[in-house]
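**Student:**
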Amino acid sequence: MATSPALKQRPQDHASLPPLAALTRIAKTYGDTHANSDVNFDIAAGEVVGLVGANGAGKSTLMRILCGVTEPNSGAMRFDGQEIDLAVYSPQQARERGIRIVWQELSLSPNLSVAENFYVEQPQFVRRSAFWLRDYHRLANEAIERIFPGAAISTRRLVSDMTIAERQMVEISRAACDPRLKLLILDEPTSSLGAERSRQLRDFVRALAGEGKAVIFISHKLSEVLSLCDRVVAMRNGRIAWEKPANEANIDDLVNAMGGAGVGQRAARRDSRLEAAGAVQVRIDGPWLAGDQRPVELRAGEVIGLAGLEGSGQKRLLQALFAKKHGDGLERHGPVRYVSGDRQLEGVFPLWTVLDNVLIGRVAQWAGWRPVNVQKNRPAVEKAAQRLSLDPGRLDSNILELSGGNQQKALVARALIDEAGIILLDDPTRGVDIAAKRDFYRVVREIAAAGRLVIWLSTEDLEFLECDRVLVFSGGKIVTELRGEAISEEAIVASSFAKPEKSAQSAPAREDRSLLTMLLKSIPFVSLVLVFAAMTYQNPLVASGFGLQLLLTPAVTLVLIAVAQMFIVGGSEIDLGVGNFCGLVNVVSATILFTAPFTGGAILIGLIAAYALMGLLIQARAIPAIVVTLGASFVWAGLGQTIQPSPGGASPEWLRAMFSFKVPGIPTPLLLIFLVGLAAYSIDRSPAGTILRAFGSNVLALRRAGWSHNRYSVLRYGIASIFVMIAGLYVTATNGASDINAGTSYTLLGIAAVVIGGCQLLGGVIAPLGVVAGAVTLALIGALLASLGVSTDYNAAVQGTLLILILALQALAGWRRSRG
Amino acid sequence: MADALLNAAQRHRWIWPALGVLLLWAALTVLTARFSLHSLSGVAMSASFLLMPALGQMLVITTGRGNIDLSIPSVITVSAYVTVVTASSGMNGFWLPLFLVIVIAVGVGLFNAMLLLVLRIPAMIATLATGYILATATLLVNARVSIFPRPPVLIWLATGRIGGLPVICLIALTVAAVVGIVLARTAFGKQLSAVGQNIVAARYAGVQTARLIASAFVASSLLASLTGMLLAAYAGGAFLEMGAPYLLQSVGAVVLGGTLIAGGSASVLGTFFGSFLLILIVTTMQIAGLPAGAQDILQGLVIIGVLSIAGGKLRSRRD
Chain P
101 MATSPALKQR
111 PQDHASLPPL
121 AALTRIAKTY
131 GDTHANSDVN
141 FDIAAGEVVG
151 LVGANGAGKS
161 TLMRILCGVT
171 EPNSGAMRFD
181 GQEIDLAVYS
191 PQQARERGIR
201 IVWQELSLSP
211 NLSVAENFYV
221 EQPQFVRRSA
231 FWLRDYHRLA
241 NEAIERIFPG
251 AAISTRRLVS
261 DMTIAERQMV
271 EISRAACDPR
281 LKLLILDEPT
291 SSLGAERSRQ
301 LRDFVRALAG
311 EGKAVIFISH
321 KLSEVLSLCD
331 RVVAMRNGRI
341 AWEKPANEAN
351 IDDLVNAMGG
361 AGVGQRAARR
371 DSRLEAAGAV
381 QVRIDGPWLA
391 GDQRPVELRA
401 GEVIGLAGLE
411 GSGQKRLLQA
421 LFAKKHGDGL
431 ERHGPVRYVS
441 GDRQLEGVFP
451 LWTVLDNVLI
461 GRVAQWAGWR
471 PVNVQKNRPA
481 VEKAAQRLSL
491 DPGRLDSNIL
501 ELSGGNQQKA
511 LVARALIDEA
521 GIILLDDPTR
531 GVDIAAKRDF
541 YRVVREIAAA
551 GRLVIWLSTE
561 DLEFLECDRV
571 LVFSGGKIVT
581 ELRGEAISEE
591 AIVASSFAKP
601 EKSAQSAPAR
611 EDRSLLTMLL
621 KSIPFVSLVL
631 VFAAMTYQNP
641 LVASGFGLQL
651 LLTPAVTLVL
661 IAVAQMFIVG
671 GSEIDLGVGN
681 FCGLVNVVSA
691 TILFTAPFTG
701 GAILIGLIAA
711 YALMGLLIQA
721 RAIPAIVVTL
731 GASFVWAGLG
741 QTIQPSPGGA
751 SPEWLRAMFS
761 FKVPGIPTPL
771 LLIFLVGLAA
781 YSIDRSPAGT
791 ILRAFGSNVL
801 ALRRAGWSHN
811 RYSVLRYGIA
821 SIFVMIAGLY
831 VTATNGASDI
841 NAGTSYTLLG
851 IAAVVIGGCQ
861 LLGGVIAPLG
871 VVAGAVTLAL
881 IGALLASLGV
891 STDYNAAVQG
901 TLLILILALQ
911 ALAGWRRSRG
Chain Y
185 MADALLNAAQ
195 RHRWIWPALG
205 VLLLWAALTV
215 LTARFSLHSL
225 SGVAMSASFL
235 LMPALGQMLV
245 ITTGRGNIDL
255 SIPSVITVSA
265 YVTVVTASSG
275 MNGFWLPLFL
285 VIVIAVGVGL
295 FNAMLLLVLR
305 IPAMIATLAT
315 GYILATATLL
325 VNARVSIFPR
335 PPVLIWLATG
345 RIGGLPVICL
355 IALTVAAVVG
365 IVLARTAFGK
375 QLSAVGQNIV
385 AARYAGVQTA
395 RLIASAFVAS
405 SLLASLTGML
415 LAAYAGGAFL
425 EMGAPYLLQS
435 VGAVVLGGTL
445 IAGGSASVLG
455 TFFGSFLLIL
465 IVTTMQIAGL
475 PAGAQDILQG
485 LVIIGVLSIA
495 GGKLRSRRD
């Protein structure tokens, strides 16, 4: 790998070349916010362009437009000499043309291994082979080692087990290894990388440029941008504010270009607050402080900023302050309100008017029985709205009809409507236009002046100039406290990178957790052995070939149904209809298939199609799977009942023969279970199975990678229906008769087997072999209870309790995880 | 004009099931001589038995995040059995089962809420498992059932009439009115809607989300258990499959009534008409002589159909 010499050999004269990519007169608005207006941006082959700007300056929007995720309102784009029709431009197209982006919010699927994640983004290398994944292990290994020599990340590890830095390395390597690559966009790539890895990445970027590839490098680390890039572009309020070759620029220029502080404004602000020194409202101590600082006391009337790189502990502090009054080194006096800047997810109530949205801030504190008269409370809401210069005429509009800035005002009004003494602001100006921001800063001042304590987390360092004091976080702790004139962007950035003493506690927690995970994984197998041992102890004949034949025959059905349910759970959904569907297949195969094989066969194929269609419906209309499958379960049961009102029928001879083949020395059901397990494992490990699993966790990333959710939903339900269908046919073959109610109990049993098998109901984590073992165990438990003389009446309760116990254990593991 | 009408229908989603009831009723009256005001009172009684658990289901669904109560049928059956076993013909014979049934309901509701809130088990799995455990309890009680001496009060509540109006209808209407007032006019109603729309925002606004969700599950169990008690008195006994129809129908009535399946917006009036419509559909099929299987098929299809038209997501007005 070439090191520093490469940095010196910059091709200086890119201007003379035709640009590789050119965006002209791009405009994009969200409501009244101009995310991009009149932006012209180009980059030549072999050029490295640094893109800087405050948060919300429009960098991300511009990059989303460049790679086809967002369609601009107007503007044009050329890439590689071709005009691009932005109306039909898509992420897939961008990819095919060689534009790759590493997103700031990481887009790996946590439930997949590193190699599998490479497949999700680079499916073109796949071979038709059982060992297809080996290629991806090699590819991933080579890609990571090429950029980060010595990183030694095992490509078999699940992404969820890796640190943020490791994930970032995987993410970068994955995008950069595309052979079609012409333009690579790196959005804050070094935010969690250490110094050495950052240097390796910079070397790689220069090497890429040397190969004639273009790189856009977005970063807040300005010195890094200056040392790496050929040219720097600064954005501000959705426009390109400044542009220069890197060797003619310095950090001060950049800070100014990004929108340095209005000094006069700042001075005026300072005067107004000198006298503020109210009672102590919050005390921060112990685990929150790095080194041996004195406890930090926050007083009424102050505006306190929480600064630091994202994820350095600021948000955790805010959450902890909100959650309780005492504990974990925190002490809070008086009630508190929380205003989140993530309005869609954590702020607005989308069905309500502005009035209701504000008023809930008061009503939420009331006892449930207390009557609410909205109109009587109107004056109070109006007063709060006026204080925020929010037009009272808009109180009766739906909250979503307001612009982002006005929505945010409504949310602040919600916090102000009652006399809570402490206001927590969680990045409140995210995505708010500049005028609304100015308004907002004034309001924050007034709130504090009225004697409240404002604690303000911001991701825009410039906003801290509005604060009286700033607590700078690094590595989960407060490393510095800045006051008054000492508050500056440079000081904050400098402190943000200060490392507190090593926090050595994370390693043991990790081991602890993997032990518990191991335990959970082994549950199905251990319990299978235990149950089987207990049964053999009871009756040694159990272990004979005949005994196994007898015992395992009912288990085959459950194994099949559990595997079907597993594939549904792999998509973070649940199917309440599998049991009845099995019953329906049982009925059809014992009646129509018996008398008229061709009609029967056609009906069965039609049923699979219906099931797949159900998958499409659930996905395309965004309806909860449980309700649809619950409705469908009645359809299946009703169909079965109509075809055959009371138990009866007979199995076609060929069907019986199909399931009763003999291999000497092995009981047929055991062989069948083995085959089902093998099939489930192979499907799960196949390329399609990998994508099915991936959809269970990070849908957005999969969509961006160009996978169709509808298609895979159809595939998911199709696969499930085939397994259930085999189960139904097997019941017919072994019982020689049918009963529509025979399948009902399998629904819960199937879910229980899936859970015992080590799958997680959310997040796409599934384990085919565990599920098979879990299903056999459950089937045996029924037999064991019977042989112990326990009434079958208790079966349902035992299964239900078992299900709850295992889920409780999983919850326990989850808690450990979130603490570790 | 048409726009205003559509807008009103959008806001008052109960209009659709109400229209459905009217149309179906009119069609039945015209097409069959057998359908009269008398048979309407039968429909009304069945609808009343459905309305109560459906209101409970509605409260749970309104808490959002895919919450649903699948233990309703088991709670109904268990309560019916407990009533049959503990009732005796006297006033005390009424209070004792009532007390027991309420205790069971509160216990089940809290247990469900605990599984959901503490152990983070998805509501559908938690309530499904609870339902299975209750089913075992039912089987055990079933073995002990002998005669059912019904207290007169209970008989009157379940089958009596006041001036031609079945008492059970009055009970259901009263319950519906209470739930309606609570949802529309109290802090609880506002908080419930807030939690269902956006639980994180509700928590940040200061709503005690856990307590609220727990109370929705308890209310659901309570309503189901009272239904079970009355149903036992109405049918003169209890049987194992007694609650089974209420699994799909309670969800169906809620969905038909226009309550958002994603949570946050409940419609008591809608659930009222939804219950009525669902029972009317079943009755129509019975009059038409369709077998039980066909009824299940149609109910299932109606629910899936209505949901696919309505869509599952909260639709913002900007889209």
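Sequences listed follow chains P and Y, in order.
Heads up: the first sequence begins at 101 in our numbering, then just goes up one per residue.
Heads up: the second sequence begins at 185 in our numbering, then just goes up one per residue.
The C-beta atom is built at its ideal place from N, Cα and C for all residues, glycine as well.
Measuring straight from C-alpha to C-alpha, what distance separates Thr559 of chain P and Gly863 of chain P?
**Tutor:** Taking the straight line joining both Cα atoms gives about 29 Å.
**Student:** Which chain Y residues are close to Val454 of chain P, counting only those with a beta carbon under 9 Å from its beta carbon?
**Tutor:** The contacting residues do not exist; Val454 of chain P stays about 13 Å from chain Y at best.
**Student:** Taking 7 Å as the CB-CB limit, is Leu717 of chain P close to chain Y?
**Tutor:** Judged by the 7 Å Cβ criterion, Leu717 of chain P is in contact with chain Y.
**Student:** For the beta strand (DSSP E) containing Thr124 of chain P, name the first residue and the last one.
**Tutor:** Counting along the chain, the beta strand (DSSP E) containing Thr124 of chain P begins and ends at 119-130.
**Student:** Taking the alpha carbon of Ser630 of chain P as the point to measure from, which residue in P:Ile819, P:Gly900, P:Leu880 has its own alpha carbon closest?
**Tutor:** A quick correction: the sequence has Leu, not Ser, at residue 630 of chain P. Minimum Cα distance to Leu630 of chain P is reached at P:Leu880.
**Student:** Is the Cβ of Ala913 of chain P closer than 7 Å to any Cβ of chain Y?
**Tutor:** Chain Y, which has no Cβ nearer than 7 Å to the Cβ of Ala913 of chain P, makes this no.
**Student:** Taking CB distances under 7 Å as the criterion, tell me whether Ser492 of chain Y reaches chain P.
**Tutor:** Yes, contact with chain P.
**Student:** If the cut is a Cβ gap below 7 Å, which residues of chain Y does Ala908 of chain P touch?
**Tutor:** Simply Leu303.
**Student:** DSSP beta-bridge partners for Asn136 of chain P?
**Tutor:** BP columns for Asn136 of chain P point to P:Lys128.
**Student:** Please identify the residue among P:Ser174, P:Ile819, P:Ala145, P:Ala407 whose C-alpha is closest to the C-alpha of Lys128 of chain P.
**Tutor:** Nearest C-alpha to Lys128 of chain P: P:Ser174.
**Student:** Nearest-angstrom Cα distance between Lys282 of chain P and Ile201 of chain P?
**Tutor:** Going from the Cα of Lys282 of chain P to the Cα of Ile201 of chain P covers about 11 Å.
**Student:** Taking the C-alpha atoms as reference points, what is the distance between Glu431 of chain P and Gln375 of chain Y?
**Tutor:** Near 28 Å, if we compare the C-alpha coordinates of Gln375 of chain Y and Glu431 of chain P.
**Student:** Looking at chain Y, is there any beta carbon in it that lies within less than 7 Å of the beta carbon of Gly168 of chain P?
**Tutor:** Cβ-Cβ to chain Y under 7 Å: no for Gly168 of chain P.
**Student:** Taking Ser891 of chain P as the reference, give the member of Y:Val337, Y:Leu324, Y:Ala371 with the closest Cα.
**Tutor:** Here the closest residue by C-alpha is Y:Leu324.
**Student:** Check whether chain Y comes within 7 Å of Ile946 of chain P, counting only Cβ atoms and requiring the distance to be less than that.
**Tutor:** Nothing can be reported for residue 946 of chain P, as the shown portion of chain P is limited to 101 through 920.
**Student:** How is the alpha helix (DSSP H) around Arg238 of chain P delimited, first residue to last?
**Tutor:** Counting along the chain, the alpha helix (DSSP H) containing Arg238 of chain P begins and ends at 232-247.
**Student:** Is DSSP giving Met177 of chain P helix, strand or coil here?
**Tutor:** It is a strand residue.
**Student:** Under 7 Å Cβ to Cβ from Thr847 of chain P, same chain only, skipping five residues before and after it: list those, please.
**Tutor:** Cβ within range, chain order: Leu676, Val678, Gly679.
**Student:** Is Ile199 of chain Y close to chain P? Criterion is C-beta to C-beta, closer than 7 Å.
**Tutor:** No - not a single Cβ of chain P is within 7 Å of the one on Ile199 of chain Y.
**Student:** Is DSSP giving His809 of chain P helix, strand or coil here?
**Tutor:** Three-state result, His809 of chain P: helix.
**Student:** Could you tell me whether the region 396-414 of chain Y touches the region 251-263 of chain Y, using the rule of 3 or more Cβ pairs below 8 Å?
**Tutor:** The answer is yes - the region 251-263 of chain Y touches the region 396-414 of chain Y, with three or more Cβ pairs under 8 Å.
**Student:** Quick check on the DSSP output: the beta strand (DSSP E) that includes Pro345 of chain P runs from which residue to which?
**Tutor:** Residues 339-345.
**Student:** At a CB-CB cut-off below 7 Å, which residues of chain C make contact with Pro306 of chain Y?
**Tutor:** Chain labels in this structure do not include chain C; the protein chains are P and Y.
**Student:** Can Ala857 of chain P and Ala842 of chain P be called in contact, C-beta distance under 7 Å?
**Tutor:** Looking at the sequence provided, one finds Gly at residue 857 of chain P rather than Ala. The answer is no: Cβ separation not under 7 Å.
**Student:** Do you know how far the Cα of Leu303 of chain Y is from the Cα of Gln479 of chain Y?
**Tutor:** Rounded to the nearest angstrom, the two C-alpha atoms are 38 Å apart.
**Student:** For chain Y, find out if any of its Cβ atoms is closer than 7 Å to the Cβ of Glu171 of chain P; answer yes or no.
**Tutor:** No, no contact with chain Y.
**Student:** From which residue to which residue does the beta strand (DSSP E) around Tyr438 of chain P run?
**Tutor:** Here the beta strand (DSSP E) through Tyr438 of chain P covers 436-440.
**Student:** Buried or exposed: Asp503 of chain Y, going by 16 or more other Cβ atoms within 10 Å of its Cβ?
**Tutor:** Here Asp503 of chain Y scores only 28 on pLDDT, less than 50, and its place in the model is too uncertain to base an answer on.
**Student:** Within 7 Å of any Cβ in chain Y, is that where the Cβ of Asp461 of chain P sits?
**Tutor:** Strictly speaking, residue 461 of chain P in this sequence is Gly, with Asp absent from that position. Cβ-Cβ to chain Y under 7 Å: yes for Gly461 of chain P.
**Student:** Looking only at C-alpha atoms, which of Y:Leu212, Y:Ser232, Y:Ala428, Y:Asn276 sits nearest to Phe460 of chain Y?
**Tutor:** Measuring from the Cα of Phe460 of chain Y, the nearest candidate turns out to be Y:Ser232.
**Student:** Pro237 of chain Y versus chain P: which residues are under 8 Å apart at the beta carbon?
**Tutor:** Residues of chain P passing the Cβ test: none, with the nearest at roughly 15 Å.
**Student:** Could you compute how far the alpha carbon of Pro345 of chain P sits from the alpha carbon of Arg331 of chain P?
**Tutor:** When rounded, the distance between both Cα atoms is 4 Å.
**Student:** Does the region 377-394 of chain Y come close enough to the region 436-445 of chain P that 3 or more CB-CB pairs lie under 8 Å?
**Tutor:** Contact holds: three or more Cβ-Cβ distances are below 8 Å.
**Student:** Taking only beta-carbon atoms, is Arg369 of chain Y less than 7 Å away from chain P?
**Tutor:** Cβ-Cβ to chain P under 7 Å: yes for Arg369 of chain Y.
**Student:** So does the region 335-353 of chain Y actually touch the region 277-292 of chain Y, counting three or more Cβ pairs closer than 8 Å?
**Tutor:** The region 335-353 of chain Y is in contact with the region 277-292 of chain Y.
**Student:** Excluding sequence positions up to five away, which residues of its chain have a Cβ less than 6 Å from the Cβ of Gly740 of chain P?
**Tutor:** The answer, listed in chain order, is Gly683, Leu684, Val687, Ile840.
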